[in-house]
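A.B. asks: Protein chains in written order, with the working numbering: chain A, 1 to 508; chain B, 509 to 1016. Each residue gets a CB set at the ideal place from its N, CA and C atoms; glycine is no exception. As the structure is a prediction and not an experimental result, all values here were calculated from the model. Got a structure for you, written out below as C-alpha cells; questions coming shortly.
There are 2 protein chains.
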Amino acid sequence: MFESAELGHKIDKETYKQTVPLLRADLLDVQYELKEQRKFPVIILVSGQDGAGKGETINILYEWMDPRYISTLAFSAPTDEERQRPFMWRYWRALPPKGRIGIFAGSWYSSPIHDRIEGGMTQAQMDQRIDQINRFEQMLVNEGALVLKFWFHLTKEGQKRRLKALEKDPRTAWRVTKWNWERLKTYDQLQEVAGHVLRMTNTPWAPWIIVEGEDDRYRSLTTGKIILEAIRKRLSDQDKQATPVAPPIQPNIDGRDVISELDLTKKLTKKEYEEQLAKWQGRLAELIRDPRFKQHSVICVFEGADAAGKGGAIRRVAAAMDARDYQIVPIAAPTEEERAQPYLWRFWRHIPRVGRVTIFDRSWYGRVLVERVEGFCAEADWLRAYSEINDFEHELAEAGAIVVKFWLQISKDEQLKRFKERENTEYKRFKITEEDWRNREKWDAYHQAVCDMVDRTSTGTAPWTLIEANDKAYARVKVLRTLCERIEAALEETPRPKEKKAKKGKKD
Amino acid sequence: MFESAELGHKIDKETYKQTVPLLRADLLDVQYELKEQRKFPVIILVSGQDGAGKGETINILYEWMDPRYISTLAFSAPTDEERQRPFMWRYWRALPPKGRIGIFAGSWYSSPIHDRIEGGMTQAQMDQRIDQINRFEQMLVNEGALVLKFWFHLTKEGQKRRLKALEKDPRTAWRVTKWNWERLKTYDQLQEVAGHVLRMTNTPWAPWIIVEGEDDRYRSLTTGKIILEAIRKRLSDQDKQATPVAPPIQPNIDGRDVISELDLTKKLTKKEYEEQLAKWQGRLAELIRDPRFKQHSVICVFEGADAAGKGGAIRRVAAAMDARDYQIVPIAAPTEEERAQPYLWRFWRHIPRVGRVTIFDRSWYGRVLVERVEGFCAEADWLRAYSEINDFEHELAEAGAIVVKFWLQISKDEQLKRFKERENTEYKRFKITEEDWRNREKWDAYHQAVCDMVDRTSTGTAPWTLIEANDKAYARVKVLRTLCERIEAALEETPRPKEKKAKKGKKD
C-alpha cells in the first residue's frame, strides 16, 4: 500500500519554480468556479505520519488558493458539548457548505487510530467504526461532496530525518515536541494500524491518496495537482453520477401490508382515557427524572397522515415534562444554509445532549415520504436514504439516545371528516390548507411509501410504532405508553450512577 | 417595587375556569399570527424567587400555546465552549428567530445576581454588567424584538408556605431540594440585590413585570394576559417605532477629515518590503504561539474601498499563522437564518474561542457603510449601530479578545487604475463587477460614511488603524506591524501562565 510512497520522490527547485505559478492560477480558477457554481463542497482530509508535512501542506494550500473560502477544522479533545452527543456530531457540524473547501486536520480517522494504538479499542470495535466511516463517506459522496483523503507517508528513517530537520530550523523547531519523538517509537504500530484502516476504507467513492512526505516540493506539487484535477473533473461532470444504491421496492402482490392490517376501530372511553393519560404522563415524568436517564437522551419522531393528530399527541407528551428538559423541532422546508449541506445535516444540528428530549414533528423521513411521492428528489436519492437513515439512527442509539418513532394512521374517511371540521372551526382554520387537499389525492402513493418506510427502517434499535389514530384518546395513550416502555427498557439496562466519590473511577 | 405583588392576589376556581378557554384561543391566535408575519421575535424572561412558580408558568404557557413554536432555554453552568467566549455569547446563540417565542428560564440576569450574592462580584462590577444588559436589551428592542421580563415574587412567609406545599405533593416534591431551603435563608439578601438590579434595568424599552407568585391561578392568568396583550399590540403596530437613538452626524465645515489627511504617497522599496514582511510575519508567528496568547483571541476586521487590497493584506497575515489557528470569515449578504435575527447575530456566531484568530473580510461595519450609503436600512438603524457596535466590541475585549480594525484607503485615481488592470487580467477578472463601478460613483458618500465611522467607533479598546494603501507593500507591512504591536501590548499585560500544578489554585 505504501510502496509507491517510499521511492524517494524529489522535485528539483527549478521545476518547482516553473510549475507553481501556473498551478496556483489554475487552482484559483477552479476555486472560484466552485464558489460560483455552489453545487458541491470539497472535503479534504489531511492525515499521515508526524513530520510528513501535514501542517505545511495545509499552509501551502492557503497560500495557493483564496483563503477566504477555505476553512480548516482541527480536532483535539472533544469539548463537553461534543462529548455529550454522538461521535460523528462534531464532524457534521464542521462540514463545509456547497461551494466551499473544508480541510480536516485530523478527522473521523484520528480517534479510532489513536484509540486502537493506545489499546483502548478492540479490533472488532475498530472495524465497526470503519464500517460506520465508510457509510458516512458514501453518504457524503452521494450527496455530491468531493472527498479527498490524503495520507502523507514517511519511512521510519525518513521520519527521523524530518523531525531532526524541523528541530534544527528555528522557524519550525516549536512544532517538534517530546510527543513527536515518543510517536517515533510507535512508528511500526501506527503503520500496522493505519495500514489496516486505509485498506478497509479505500473505497471506490473515496479512495486514499498516499503521498510521500519527505520532499516538500514533491509533496506540495503532488497534492496541489491532485486537488486541481479532482475539482476540475467534478466541475465538468454536468450530471451527478447516478449510483445504484438500493434494490428496487418490493411489490405488494396480495394487497396485505402493515398499514392495511391496522385495526382503526380501537378506542378508549373518556374515563379510560383520563385514567391512563394521567398514569402514563406521571410515569414519563418519573422516568425523565431518573438519575440513569442522565446517560441517555430521547429522540422522538412523529410522522403521520395529515390531520392524524400529531400535534395533539405531542402536546400530551410535552405536558408530562419540564419545559427546560425538552425541545420540539417542527420540520418545514429547509433554510438556505441547510440546503447547502447534506440532507441529514439539518437534523444533526438539533440532536440533544444526554439528559434531554427532542421531539421531531415530522423528520428526516420526509425524504422517503413527501420527497419521494412529490418527486422532490431523484429516485436514487430516496432509495439510498433508507440505509443512510438507518446508519444515522444507529449512531444516535450508540451514543445512548433512545430513538422512538411513531406513525399515526387514520382512515381516509376519518381524514375527510377532520378536514371539514377544521374548515368549520374558526380557531382551527389555520390547520387546513390547499396543500392538505392536494396531498389527500395522493393517498395511495403515500400509503405505499409508508409501508416501504416501515419495512426498511424499522430496526431493532429504532423500531417504528404504528398508532391506530382514528380515536385520538387511544392514539395519545398508546404513544405515551410506548414511549414510557422504551425508556424504561433502556434504563433497566443502565447501571445506576455510583456515588460521587467513585466518579471517573478515581479513588478519593 | 414589590408592594403590589404582596397584596395576596387570588383568583377563584370558577373565574379561572371561565376565563382560561378564551385566553387560550386568543393566545393561539396571536401566536399563529406572529408566526405568519415573521416580523419580530418574542423574548420572555422568567425569573424570581424560588417556589414562585417559574417552572409552572413555563409549563402552562406550553399548554396554552403551540409548543412547536416556543423554545425554552435553560442555562446552568456554562459549557467549555461558552466559557471560552464572551459572557453574552451563550445568550446570543439562544435568541429565537423572528416569528418565534423564546422563553429564558434563567437569563443574563441570573449569573450577576448569583455572583453578587455569593460575594464574587463587587457592586461596581455588577453595575457595569447592568449597564451592558440595558444596552443589550435596547438593541434587541430596536431590532424589533418584544422583550417581556417577568419577576415572580413571594414574601418570605409566602416562600416558606410554597416550598412546604410543593414538598407535600408527591407530584412536585422532587422539585424541592435542599438547595431551595438553603436559599430561603438568603431571602433578604436576594430581595436586596434583585431589588437593585430590577430598579436599574427597569427601562422604558424593557420594563419589569412583577407578578405575585403564591396563587397559581392568579399568576398564570396574569402572565397569560400580559403576554397576549403585548404580542397583540406589537402585531397591530404597523410601523416600527422610530426611536431617536443618536445625535445627528457632525457637519464637516473646513473640508479636513481623517481620510483626507492621509499621506497616500507612502511607500516601500522592494527590498524594504521583503525584509519587513519577513520580520513582522515572523514576529506574528511567535506572538500567536506565546503561552500568554491562550488567554486572548484576535478579532481582526478588514474594511476598505473596493480594490484597496484587503485580500492581499489578509493573505500576508494568514501566511504567518498555522491554518489550524485561524479562520477567515468573508462577509456577504446575510442568509435567511441570519436575516431572522438581530443585525449583530451573524457576527457573534463566528466569534472565536480563546487562543484563536478570526479575520473578518468586511464586517459589522457594513451597517454604517454600504447599508447607510445605499439606503438598505433606515437612518435610525444605522445611527444607533455606532453605539451597538461599540458595546459589541467592548464585550469582546472584556473577554480577552484583541480587536484590531483596519481601514484601507486608496485614492480615486489609484482605484480607477486597479479596476482597469483587473478588467485586463484574465485571472483577476472575477474581482471586478458592475457593482464596483456603481459603488465608485458614490465615492463621496462613502468618504463621509468612513469619517463618521472612525469618529464614532474608534475607541480605546478597539481603535481603527487607517492604512495608506496606494502602495500595496507599504499597506501590508503596516497592517502586520500594527497587528503585532497590538498583540504584543496585550500580552505584556498578561501574566505568564503558572506551572500546571498551580492550575485552578489547587494544591497537589
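Mapping DSSP to helix, strand and coil, what is HIS858 of chain B?
C.D. replies: The sequence position of residue 858 of chain B within the second sequence is 350, counting from 1. Reduced to three states, the DSSP call for HIS858 of chain B is coil.
A.B. asks: Listed in chain order, which residues of the region 555–577 of chain B have Cβ atoms closer than 9 Å to some Cβ of chain A?
C.D. replies: GLY563, ILE566, ASN567, LEU569, TYR570, GLU571, ASP574, PRO575, ARG576 and TYR577
A.B. asks: Does DSSP put CYS808 of chain B in a helix, a strand or coil?
C.D. replies: The residue labelled residue 808 of chain B in the question sits at position 300 within the second sequence. Looking at CYS808 of chain B - three-state DSSP - the assignment turns out to be strand.
A.B. asks: Figure out for me which residue from A:ALA165, A:HIS394 and A:GLN409 has the closest Cα to the Cα of GLY53 of chain A.
C.D. replies: In the first sequence, the residue the question calls residue 53 of chain A occupies position 53. Measuring from the Cα of GLY53 of chain A, the nearest candidate turns out to be A:ALA165.
A.B. asks: At 8 Å on the CB atoms, spell out the chain B contacts of PRO330 of chain A, in chain order.
C.D. replies: Numbered from its first residue, the first sequence carries residue 330 of chain A at position 330. What PRO330 of chain A touches in chain B: ARG576 and TYR577.
A.B. asks: When we look at the beta-carbon of GLU949 of chain B and count the other beta-carbons within 10 Å, is it buried (16 or more) or exposed?
C.D. replies: Locating residue 949 of chain B in the second sequence gives position 441, where the first residue counts as 1. Exposed.
A.B. asks: Interface residues of chain B around ILE103 of chain A at Cβ under 8 Å?
C.D. replies: Here residue 103 of chain A refers to the residue found at position 103 of the first sequence. Within 8 Å Cβ-Cβ: ALA831.
A.B. asks: Between THR527 of chain B and chain A, is there a C-beta pair that is closer than 8 Å?
C.D. replies: Position 19 of the second sequence, counted from the start, is the residue given in the question as residue 527 of chain B. Not an interface residue.
A.B. asks: Would you list the residues sitting across from HIS153 of chain A in a DSSP beta bridge?
C.D. replies: Numbered from 1 along the first sequence, position 153 holds the residue referred to as residue 153 of chain A. Bridge partners of HIS153 of chain A: A:GLU212.
A.B. asks: Tell me, to the nearest whole angstrom, how far the beta carbon of ALA977 of chain B is from that of ILE918 of chain B; I am working on the premise that it is less than 8 Å.
C.D. replies: What you label residue 977 of chain B is simply residue 469 of the second sequence in a count that begins at 1. What you label residue 918 of chain B is simply residue 410 of the second sequence in a count that begins at 1. Confirmed, Cβ separation roughly 5 Å.
A.B. asks: Of all the options B:ARG994, B:THR967, B:VAL538 and B:HIS517, which has the alpha carbon lying nearest to the alpha carbon of SER744 of chain B?
C.D. replies: Working through the second sequence from its first residue, we reach residue 744 of chain B at position 236. For SER744 of chain B, the nearest C-alpha among the options comes from B:VAL538.
A.B. asks: Below 9 Å on C-beta distance, what does GLN327 of chain A contact in chain B?
C.D. replies: Numbered from its first residue, the first sequence carries residue 327 of chain A at position 327. Residues of chain B passing the Cβ test: SER579 and THR580.
A.B. asks: Between the Cα of ALA513 of chain B and the Cα atoms of B:ILE611, B:ASP814, B:PRO620 and B:TYR726, which residue gives the shortest distance?
C.D. replies: Counted from its first residue, the second sequence places residue 513 of chain B at position 5. It is B:TYR726 whose Cα lies nearest to the Cα of ALA513 of chain B.
A.B. asks: For MET1 of chain A, which three-state DSSP category applies?
C.D. replies: Within the first sequence, numbered from 1, the residue matching residue 1 of chain A stands at position 1. DSSP, reduced to helix, strand and coil, places MET1 of chain A outside both helices and strands of the structure shown, so it counts as coil.
A.B. asks: Does the distance from the CB of ILE209 of chain A to the CB of ALA145 of chain A come in under 8 Å?
C.D. replies: Within the first sequence, the letter at position 209 stands for residue 209 of chain A. Within the first sequence, the letter at position 145 stands for residue 145 of chain A. Taking the C-beta atoms as reference points, ALA145 of chain A is found no nearer than 8 Å to ILE209 of chain A.
A.B. asks: So GLU272 of chain A is in the alpha helix (DSSP H); what residue range does that whole segment cover?
C.D. replies: Working through the first sequence from its first residue, we reach residue 272 of chain A at position 272. Counting along the chain, the alpha helix (DSSP H) containing GLU272 of chain A begins and ends at 270–289.
A.B. asks: Using 10 angstroms around the beta-carbon of TRP89 of chain A, count the other beta-carbons present and answer buried if the total reaches 16, otherwise exposed.
C.D. replies: Locating residue 89 of chain A in the first sequence gives position 89, counting from the first residue. With 16 or more other Cβ atoms within 10 Å, it is buried.
A.B. asks: Mind reading off the beta-carbon distance from ARG643 of chain B to ASP979 of chain B? Whole number of angstroms is fine, and I expect it under 8 Å.
C.D. replies: As a first step, residue 643 of chain B must be located in the second sequence, where it is residue number 135. As a first step, residue 979 of chain B must be located in the second sequence, where it is residue number 471. No, ARG643 of chain B and ASP979 of chain B are not in contact; Cβ-Cβ is about 40 Å, not under 8 Å.
A.B. asks: So what does DSSP say about THR57 of chain A, is it helix, strand or coil?
C.D. replies: Taking the first residue of the first sequence as 1, we reach residue 57 of chain A at position 57. Here THR57 of chain A sits in helix by DSSP.
A.B. asks: Determine the extent of the alpha helix (DSSP H) in which TRP890 of chain B is found, giving its start and end residues.
C.D. replies: By 1-based counting over the second sequence, the position of residue 890 of chain B is 382. Counting along the chain, the alpha helix (DSSP H) containing TRP890 of chain B begins and ends at 887–906.
A.B. asks: Classify LEU974 of chain B: buried if its beta carbon has 16 or more other beta carbons within 10 angstroms, exposed otherwise.
C.D. replies: Here residue 974 of chain B corresponds to residue number 466 of the second sequence, with the count starting at 1. By the neighbour-count rule (16 or more Cβ atoms within 10 Å), LEU974 of chain B is buried.
A.B. asks: Do ALA907 of chain B and ARG624 of chain B come within 8 Å of each other at the CB atom, strictly closer than that value?
C.D. replies: Indexing the second sequence from 1 puts residue 624 of chain B at position 116. Indexing the second sequence from 1 puts residue 907 of chain B at position 399. No Cβ-Cβ contact shorter than 8 Å links ARG624 of chain B with ALA907 of chain B.
A.B. asks: Applying the criterion that 16 or more other CB atoms from any shown protein chain within 10 Å of the CB defines a buried residue, is PRO715 of chain B buried or exposed?
C.D. replies: Indexing the second sequence from 1 puts residue 715 of chain B at position 207. Classification for PRO715 of chain B: exposed.
A.B. asks: Pick helix, strand or coil for SER110 of chain A, following the three-state DSSP scheme.
C.D. replies: In the first sequence, counting from the first residue as 1, residue 110 of chain A sits at position 110. Here SER110 of chain A sits in helix by DSSP.
A.B. asks: Could you give the residue range of the beta strand (DSSP E) that holds TRP972 of chain B?
C.D. replies: For the purposes of this step, residue 972 of chain B is taken as residue 464 along the second sequence, with counting starting at 1. Unbroken beta strand (DSSP E) run through TRP972 of chain B: 972–976.
A.B. asks: Quick one: does LYS1011 of chain B have its CB under 8 Å from some CB of chain A?
C.D. replies: Counting from 1 along the second sequence, the entry for residue 1011 of chain B is found at position 503. Any reading at LYS1011 of chain B needs caution, since the residue's pLDDT is 42, under 50, leaving its predicted position unreliable; the model's value is listed next. False, the Cβ-Cβ gap to chain A never drops below 8 Å.
A.B. asks: Under 7 Å Cβ-Cβ, which residues of chain A neighbour GLN823 of chain B?
C.D. replies: The sequence position of residue 823 of chain B within the second sequence is 315, counting from 1. The question names Gln, but residue 823 of chain B is Arg in the sequence shown. Correct list: PRO67.
A.B. asks: Between the region 660–673 of chain B and chain A, which residues of the former have CB atoms less than 8 Å from a CB of the latter, in chain order?
C.D. replies: none
A.B. asks: Are the region 476–490 of chain A and the region 413–420 of chain A touching by the rule of at least three beta carbon pairs closer than 8 Å?
C.D. replies: no
A.B. asks: I want to know whether the region 328–348 of chain A touches the region 600–614 of chain B - three or more CB-CB distances under 8 Å.
C.D. replies: These segments do not touch.
A.B. asks: Could you give the first and the last residue of the continuous beta strand (DSSP E) run that contains LYS913 of chain B?
C.D. replies: Locating residue 913 of chain B in the second sequence gives position 405, counting from the first residue. Run containing LYS913 of chain B: 909–917, per the beta strand (DSSP E) assignment.
A.B. asks: Going by Cα to Cα distance, which pick from A:ILE259, A:VAL147 and A:ILE328 is closest to VAL298 of chain A?
C.D. replies: Residue numbering aside, residue 298 of chain A sits at position 298 when the first sequence is read from its first letter. Cα-wise, what sits closest to VAL298 of chain A is A:ILE328.
A.B. asks: Have a look at the DSSP bridge pairing and note the partners of TYR326 of chain A.
C.D. replies: The residue given as residue 326 of chain A occupies position 326 in the first sequence. For TYR326 of chain A, which the question treats as bridged, DSSP gives the partners A:VAL357.
A.B. asks: I need the DSSP call for VAL46 of chain A, collapsed to helix, strand or coil.
C.D. replies: If you number the first sequence from 1, residue 46 of chain A lands on position 46. Strand.
A.B. asks: From the DSSP output, read off the bridge partner residues of ALA613 of chain B.
C.D. replies: Stepping through the second sequence from its first residue, residue 613 of chain B is reached at position 105. ALA613 of chain B pairs with B:VAL554 and B:ALA582.
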